[in-house]
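S.K.:
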């Protein structure tokens, strides 16, 4: 999961409360100040990035030096030394301050170590006990919980969700009443992410169940079961089903049914729990070349507390774990018996390729690359494919500043987990590359990636300097397009007469049933280029500044916390009056054009 996306990573299928029982759900108060601080930091960094083309966007420029860097030349005969080199190279190439690498094989741990710094401000190292938010790799835990309830005869993966949860309904599609938990877990409901609704577009006291009741207002993109559309909300809904069956919160259930039996004693179900326990956590940071230090740059710490927002969609991605505990989770998944916690049959179903995903193309293939990685299928919280003719089961995950990869080769009883604490878009790529490299080392296969070339991937295989996007992506070519940005059906793009235009036609409150109120206020004066500016607030967001592009169109760069997403506000008017005069503003369309997610055009009606 990342919003926050994440919201989408370079390779993420991913990039987010209440109980339906009588129990009291965990309390939640969004970290508003921390989210706004993070917005400000990343906005300024992204603005600087536009002046430095190599910053954070070029996989082939920039080298990190400093306290976090370790030698990447440990390529001796020892497999453990080679695995350490994998961690060190992922740290260096992913431009991360810290990470952990864990590799298990045949029910033994080959390595479970930390690399770099967990807190650059305090110069504290990552250890095997440092907790990282593992994002959407949490989904497999939720699938396992529902599988346990299935084994108990309490639910079936093909029971309509509307029979399990009162009020579940998707917009404008009667077929949504037939949506099943299997549809939820394989991302085939027809509803795109709408992650922005939980990141920012909600009140601070909203519950998960209350958000579920808003699904009927969210725009769907396709009919049910026709297309893979990644959606964190659907996994939160699976968590609600688990809660109803269990009679207590998802957090309690995952702790009592998985963490405790497996001995994952340091793992927490939420960021809130990690904070309350005073746990040793990885504080995210971003590498900034503009902040010179020894001529190379420095890490700028980001707010760990901003991740508390992810707890709202906990079943989709709020688990925090470390190098030691995740080894136990992988060994559990590599034991086909289910270790008495889940039946072998249900376990096999969770790991099976249940739905083909047409828009996930071949990741790596000859003759360009010396190996093949195919990832065309999705299971229940896992992506299923082939690597070097071996069945691979894996998933990526992302939170506000951490990228994670968990990868299993069941046939070889091999598991790899790598998690790095940075917002840098290179980290997800190198989490996957590092995992594949660890597989090669652990299995004694010929290594096609090495320390000398890993940072320059896809060189030497691809001559182009552009970054190679390797799997997996949950987006189709239609979803990648930015066409339609700001094109509300009544948006005015012609010239306006300054003499007849209202002094401030835009300020006011705009309402939308799913996202709630959007408040617009015009800023005084103009920016340095003489362009008009305004600010808007939505739900938990602080003021976000937008700059006029065309007359009723305003661009809002560095939008929504983590991603430099092309976003805009386009205002609609009721009608055009006589020549030289224009109608009143009646609505605003929030255009969120995210190549890694989906293009949204959310219309808010002006109410005051």
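In mature numbering (1 follows the signal peptide of the UniProt record, and there is no 0), the protein residues as written are -16 to -1, 1 to 592.
The beta-carbon is built from N, C-alpha and C at its ideal position, and this holds for glycine as well.
#1: Using only the alpha-carbon positions, how far apart do residue 92 and residue 397 sit?
#2: So what's residue 125 in DSSP terms, helix, strand or just coil?
#3: If you draw a straight line from the alpha carbon of residue 175 to that of residue 414, how long is it in whole angstroms?
#4: Could you give the C-beta distance for residue 215 and residue 173, rounded to a whole number, given that I count them as a contact under 8 Å?
#5: Scan the segment 169 to 253 and note each continuous alpha helix (DSSP H) run of 4 residues or more that stays entirely inside, going in chain order.
#6: Which whole-angstrom value is the C-beta distance of residue 352 and residue 446, which I expect to be below 8 Å?
#7: When you compare the CB positions of residue 133 and residue 226, do they come within less than 8 Å of one another, or not?
#8: Below 8 Å between beta carbons: does that hold for residue 201 and residue 551?
#9: At 3 residues or longer, and completely inside the segment 324 to 379: list those beta strand (DSSP E) runs for me, N to C.
#10: With 16 other CB atoms within 10 Å as the buried threshold, where does residue 299 fall?
#11: In the structure shown, what three-state DSSP assignment does residue 95 receive?
#12: So the alpha helix (DSSP H) residue 72 belongs to, where does it begin and stop?
#13: To the nearest angstrom, how far is the alpha carbon of residue 314 from that of residue 63?
#14: Indicate whether residue 238 and residue 253 have their beta-carbon atoms separated by less than 8 Å.
#15: Please report the distance separating the alpha-carbon of residue 83 from that of residue 571.
#16: Under DSSP, the alpha helix (DSSP H) around residue 310 begins and ends at which residues?
#17: Could you compute how far the alpha carbon of residue 424 sits from the alpha carbon of residue 430?
#18: Along the chain, where does the alpha helix (DSSP H) that runs through residue 592 open and close?
#19: According to the neighbour-count rule (16 or more other Cβ atoms, all chains shown, within 10 Å of its Cβ), is residue 462 buried or exposed?
#20: Measure the CB-CB distance between residue 261 and residue 292 and report whether it falls below 8 Å.
#21: Taking the alpha carbon of residue 390 as the point to measure from, which residue in 407, 384, 419 and 406 has its own alpha carbon closest?
#22: What is the DSSP secondary structure of residue 646, counted as helix, strand or coil?
#23: Cβ of residue 299 versus every heavy atom of the ligand FAD: is any distance shorter than 7 Å?
#24: Inspect the beta-carbon positions of residue 139 and residue 149 and report whether they are closer than 8 Å.
#25: Would you give the residue range spanned by the alpha helix (DSSP H) that residue 539 belongs to?
#26: Start and end of the beta strand (DSSP E) containing residue 115?
#27: What is the DSSP secondary structure of residue 160, counted as helix, strand or coil?
#28: Keeping to the same chain, check which residues put their C-beta closer than 6 Å to that of residue 585; ignore five residues upstream and five downstream.
#29: Pull up the distance between the alpha-carbon of residue 589 and that of residue 267, whole angstroms please.
#30: To the nearest angstrom, report how far apart residue 86 and residue 178 are at their CA atoms.
#31: Between residue 330 and residue 171, what straight-line distance do the alpha-carbon atoms span, to the nearest angstrom?
#32: With a threshold of 7 Å on Cβ separation, who are the neighbours of residue 395 within its own chain once the five nearest residues in sequence on each side are excluded?
#33: Please look up how many angstroms separate the CB atoms of residue 95 and residue 305, rounded, as I've assumed it's under 8 Å.
#34: Tell me the DSSP bridge mates of residue 493?
#35: Taking the alpha helix (DSSP H) that residue 528 belongs to, which residues open and close that run?
#36: DSSP three-state call for residue 521: helix, strand or coil?
M.R.: If we stick to the structure as given:
#1: 10 Å
#2: helix
#3: Distance from the CA of residue 175 to the CA of residue 414, rounded to the nearest whole angstrom, comes to 30 Å.
#4: 6 Å
#5: 180 to 183, 192 to 196, 216 to 230 and 234 to 238
#6: 6 Å
#7: yes
#8: no
#9: 357 to 362 and 367 to 371
#10: buried
#11: strand
#12: Looking at the DSSP string, the run of the alpha helix (DSSP H) that includes residue 72 is 63 to 77.
#13: 19 Å
#14: yes
#15: 46 Å
#16: 307 to 318
#17: Going by C-alpha positions, residue 424 is about 7 Å away from residue 430.
#18: Premise fails: residue 592 is in no alpha helix (DSSP H) and is neither H nor E.
#19: Model confidence at residue 462 stands at a pLDDT of 23, short of 50, so the residue's coordinates are unreliable; what they give is reported in the following sentence. Residue 462 comes out exposed.
#20: At a Cβ-Cβ threshold of 8 Å, residue 261 and residue 292 do not count as neighbours.
#21: Residue 419 is the option with its Cα nearest to residue 390.
#22: Residue 646 is absent from the structure shown; the chain starts at -16 and stops at 592.
#23: The ligand FAD is absent from the structure shown, which contains no ligand whatsoever.
#24: no
#25: Per DSSP, residue 539 is not a residue of any alpha helix (DSSP H); the beta strand (DSSP E) it occupies stretches across 537 to 539.
#26: That residue, residue 115, is in no beta strand (DSSP E); it is neither H nor E in DSSP.
#27: helix
#28: 573 and 575
#29: 40 Å
#30: 33 Å
#31: 19 Å
#32: 374 and 375
#33: Not confirmed; about 16 Å, so no contact.
#34: 503
#35: Where residue 528 is concerned, there is no enclosing alpha helix (DSSP H), although the beta strand (DSSP E) it sits in stretches over 528 to 534.
#36: The answer is strand: DSSP assigns residue 521 an E or B state.
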